[in-house]
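Just so you know, we're using our numbering here: the sequence shown kicks off at 11 and counts up by one.
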Amino acid sequence: MPPQLTCRRPVEGSEWKTGRVTSAERAIRRVGRRLPALTPSRDHLLEWTVVAVIAVASITGIVTQIVAETPLLGWVPLAVTLGGFTLSSWMRWPGIVLAACGPLVGGVLGPEPVLVWTLTVFAAFLWCLRGASGLVVAPLVGVANYLAFLIDGQQDWTDQLALIALSVTVAAAAAGSAIAARRQFLAEARQRLVEARLTRDAEIERRISEERLRIARDLHDMVGHETAVVNMHLGAAEVHLPEGADRSRADLEAARRGVQAVIRETHQILDILRLTPGDDATAPNADFDHLAGLIGSYRELGVGVDAHLDPAPVGLAPEVSAATYRVVQEGLTNAQKHGTGPVSITVRGSEDEIRITVSNSVRALREPSEGGYGLIGMRERVASVGGTLEVGLVGRMFTVRATMRTNGRRT
11 MPPQLTCRRP VEGSEWKTGR VTSAERAIRR VGRRLPALTP SRDHLLEWTV
61 VAVIAVASIT GIVTQIVAET PLLGWVPLAV TLGGFTLSSW MRWPGIVLAA
111 CGPLVGGVLG PEPVLVWTLT VFAAFLWCLR GASGLVVAPL VGVANYLAFL
161 IDGQQDWTDQ LALIALSVTV AAAAAGSAIA ARRQFLAEAR QRLVEARLTR
211 DAEIERRISE ERLRIARDLH DMVGHETAVV NMHLGAAEVH LPEGADRSRA
261 DLEAARRGVQ AVIRETHQIL DILRLTPGDD ATAPNADFDH LAGLIGSYRE
311 LGVGVDAHLD PAPVGLAPEV SAATYRVVQE GLTNAQKHGT GPVSITVRGS
361 EDEIRITVSN SVRALREPSE GGYGLIGMRE RVASVGGTLE VGLVGRMFTV
411 RATMRTNGRR T
């Protein structure tokens, strides 16, 4: 008995083909919906807002000191703080240490340390937001602000302003570290989500490839067996023909050629089924140059064909060439099955587009069904290269018209 080409259960992981969603995919989507979107503009909005606040506070302090006619030494704390903040953009820790000295310099030289304290609080938040360790920034800047208020005040270790300066600085550093940690967590979660999707896609590709190979093996075994049997019977029939049965012998020879054509087409299908994901799956099995041979094969079968073929346009895309061949082939097949009389085929090519018309008379005065697999496949093939297909009945003439761009792109 020949091997049976059975239809097993669908490939696990290929549910995307039928619109179903696996539990793994639902889990991935659920996690993805729970993760906030991390876009560059949104991610840096908070940082630029803090920088803007520091800039406004600095300008306000500069204007205030100009109006108050602050002596030259009074500018040193602000200059040290802003210098350290600027330096931290290139050299993080030297800049942070220098900026932390600003409040201490202010406490020693006499000006109110409130301005530089405000700047260092926002700066501590920004530094931790950008990845600096809060365990280092908080005590370094916090103690500097605490000592600045002690030096400027009564040098009482329980001074409320000094304690407030310390606690606010620590809180700012903690807030920056918390936001930075959350950003890192979200980024890692996004990365894990991407990796999960890549792993799932790779598994789908693997399972589909395995199923295609199974189908290819079954198809090869079945077609190989059946064609061998057909060839055997054709040979036996040819041997048993009586003398003078030339027409029957010619018919048997044509049938033998048809079997060989089926074998070739089957091998081409098997080649496609055995393609790996990295191979070119769009390579055509037939092309424009073989139209004459295709038409000739139908003429040998007794089908009258009136063909008008232009030469292949320059730059005709391979996929369009293959689609042209398949449209003509399907038109001839339909004419042979359902039509009467000769078939008219016109293929006109220009620099930009190629137009195909196949028409033949039909047996019944009824609109032919457009749901057949041949017409569906022809429509899908034409649509795949950005073309249009029209199928209709005018009087007793069934006509197929296809128009495609020579480059295979949509207009």
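We put the beta carbon where it would ideally sit given N, CA and C, even for glycine.
For residue i, I'd like the list of residues in its chain whose CB is within less than 7 Å of its CB, leaving aside the five on either flank, ordered along the chain.
i	result
Ala65	none
Arg216	none
Gly402	Thr409
Ser187	Cys138, Gly144
Asp299	Ala322
Thr292	Note that Thr292 scores a pLDDT of 47, beneath 50, so its modelled location is shaky; the value from the coordinates is reported in the next line. Around Thr292: Glu329.
Arg365	Arg358, Thr413
Val249	none
Val404	none
Ala185	Phe135
Would you identify the three-state DSSP class for residue i, choosing helix, strand or coil?
i	result
Asn417	coil
Gly9	The question about residue 9 has no answer here: the residues shown for the chain are numbered 11 through 421.
Val410	strand
His250	coil
Asp256	helix
Asp299	helix
Val233	helix
Val395	coil
Thinking residue i and residue j are a contact (beta carbons under 8 Å), I'd like their distance in whole angstroms, please.
i	j	result
Arg207	Ala142	The Cβ separation is near 33 Å, so there is no contact.
Ala327	Asn417	5 Å
Val330	Val233	Not really, about 29 Å apart at Cβ, beyond 8 Å.
Thr413	Glu363	6 Å
Asp320	Pro352	Not quite, the Cβ-Cβ distance comes to about 20 Å (not below 8 Å), so this is no contact.
Val368	Gly341	3 Å
Arg406	Val372	6 Å
Ala265	Leu251	At roughly 13 Å, the Cβ-Cβ gap does not stay under 8 Å, so Ala265 and Leu251 are not in contact.
Considering only residues of the same chain and omitting the five flanking positions on each side of residue i, which have a CB-CB separation below 8 Å?
i	result
Phe95	Ile64, Gly105, Ala109, Leu129, Ala133
Glu57	Leu136, Leu139, Arg140
Gly314	Gly351, Pro352, Val353
Ile76	none
Val107	Gly94, Leu150
Gly349	Asn370, Ser371, Val372, Arg373, Phe408
Ala67	Leu125, Thr128, Leu129, Phe132
Ile69	none
Gly288	Legend: pLDDT at Gly288 = 49, less than 50; position of this residue unreliable, no value from coordinates given.
Using a threshold of 8 Å, state whether the C-beta atoms of residue i and residue j are closer than that.
i	j	result
Val86	Val115	yes
Ala154	Cys111	yes
Thr91	Val60	no
Leu119	Gly84	yes
Ala158	Gly117	yes
Ala393	Gly359	no
Leu262	Ala247	yes
Val338	Leu304	yes
Leu280	Leu229	yes
Val239	Val269	no
Gly71	Leu82	no
Tyr308	Gln278	no
Thr276	His318	no
If you drop the 5 nearest sequence neighbours on each side, which residues of the same chain put their C-beta closer than 6 Å to that of residue i?
i	result
Thr179	Val131, Ala134, Val151, Gly152, Asn155
Glu400	Arg411
Can you list, in chain order, the stretches of the beta strand (DSSP E) that have 3 or more residues and sit fully within the region 307–372?
Taking 3 residues as the shortest admissible run, the region 307–372 contains the following complete beta strand (DSSP E) segments, listed from N- to C-terminal end: 315–319, 349–359, 363–372.
Start-end ranges of the alpha helix (DSSP H) lying completely within the region 109–171, minimum 4 residues:
124–139, 144–162
Considering only residues of the region 52–105, which uninterrupted alpha helix (DSSP H) runs meet the minimum length of 4 residues and lie entirely inside it, listed in chain order?
86–97
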